[in-house]
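If you count the sequence shown from 1, position 151 lands on 151 in UniProt numbering, and the numbers rise without skipping. Glycine is no exception: its CB is placed at the ideal position from the N, C-alpha and C atoms. Worksheet for the structure shown next.
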Amino acid sequence: AMLGTLVAMREIARVLRPITGGGVGLNLPPLLNRLGDYYLMLAVMGLVVSLIWWIQRSEFGQSLIAIREDEIGAEMRGINTTLHKIAAFMIAAFFTGIVGGFWAWQNTYIDPDVVFVEARTVEMVMMSMLGGLGTVWGPPLGAVVIYFLQDFLWGSFFGVHLLVLGFLLVVIVLFMPEGILGTLGDRSSTSLGRLLSRVGRSK
């Protein structure tokens, strides 16, 4: 559904030539210099992470967690799962739109083929999966790892860098399905549980 929406929006952008420039695209004046762009995006990331942290601990966030763990059980407890999922999608789209707007100004040129790219959409999903779905710091961590790997592989394995990156991501998803933070959290909980069991047996 997500990729289908992306393709549809790309075609709509081509048709709305007076607004989007169609296939020719739009030239945008630079918003700030490179250093200014960096600090601006850092501030936006801090704001988004803070909001997500607050949402996760709110009643709405707890309802989303309940839906993720057991949607039928959440419905039986009176949670409107459809409304909550739509709201979550709109919040995610809002944050993505903000970042996309700043990205457009930073690049100073956009057209439908530059903006609506399937690879970038898959890339964002992989960042979240790699870092850890359902965590606050998982997506930022996943973004850092993905971009580091892309730059490293581009320089070391040019020509097959995408194949190598795809293979590494498949391995990570197979052996770390909960992502980096999710896996580390599970191991920490297991270690803590073993420690408490040993303490209990010693008493």
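Considering D37, what are the terminal residues of the alpha helix (DSSP H) in which it resides?
Following the DSSP letters along the chain, one finds D37 inside the alpha helix (DSSP H) bounded by residues 34 to 57.
Using the three-state DSSP reduction, which class does L16 fall into: helix, strand or coil?
If DSSP states are grouped into helix, strand and coil, L16 belongs with coil.
Is T135 buried or exposed, if buried means 16 or more other CB atoms sit within 10 Å of its CB?
Label assigned to T135: buried.
Those runs of the alpha helix (DSSP H) which lie wholly inside the stretch 155 to 184 and span at least 4 residues:
Entirely contained in the stretch 155 to 184, the alpha helix (DSSP H) runs reaching 4 residues are, in chain order, 161 to 175.
Distance CB(P112)-CB(R14) smaller than 8 Å:
The criterion of a C-beta distance shorter than 8 Å is satisfied by P112 and R14.
Nearest CA to the CA of V170: which residue from Q150, L130, W103?
Taking only the C-alpha atoms, the option nearest V170 is L130.
Since Y109 and G25 are thought to touch, with beta carbons under 8 Å apart, how far apart are those beta carbons, to the nearest angstrom?
Going by Cβ atoms, the distance from Y109 to G25 rounds to 6 Å, so yes, they are a contact pair.
Check for me: the alpha helix (DSSP H) holding F102 runs from which residue to which?
Taken as a continuous stretch (DSSP letters only), the alpha helix (DSSP H) holding F102 covers 81 to 107.
Do you know offhand how far residue 223's Cα is from M126's?
One cannot answer for residue 223 here, as it falls past the ends of the chain, which runs 1 to 203.
Please state whether the Cβ-Cβ distance between E123 and L6 is less than 8 Å.
In this structure, E123 lies away from L6, with their beta-carbon atoms at least 8 Å apart.
To the nearest angstrom, how far is the alpha carbon of L149 from that of L165?
If you draw a straight line from the Cα of L149 to the Cα of L165, it is about 7 Å long.
Closest by CA to G61, which one among G155, A8, F89?
Among G155, A8, F89, the Cα nearest to that of G61 belongs to F89.
Measuring straight from C-alpha to C-alpha, what distance separates L83 and R68?
Answer to the nearest angstrom: the Cα atoms are 14 Å apart.
Can you tell me where the alpha helix (DSSP H) with L130 in it begins and where it stops?
Taken as a continuous stretch (DSSP letters only), the alpha helix (DSSP H) holding L130 covers 118 to 131.
Per the DSSP calculation, L26 is bridged to which residue(s)?
In the DSSP secondary-structure assignment, L26 is bridged to I110.
Endpoints, alpha helix (DSSP H) assigned at G73
For G73, the enclosing alpha helix (DSSP H) starts and ends at 71 to 76.
Using only the alpha-carbon positions, how far apart do L16 and R10 sit?
Near 10 Å, if we compare the C-alpha coordinates of R10 and L16.
S128 versus A143 - alpha carbon distance
Computed Cα separation, rounded: 8 Å.
Output the distance between the C-alpha atoms of I19 and R77, rounded to the nearest integer angstrom.
A straight line joining the alpha-carbon of I19 with that of R77 spans about 46 Å.
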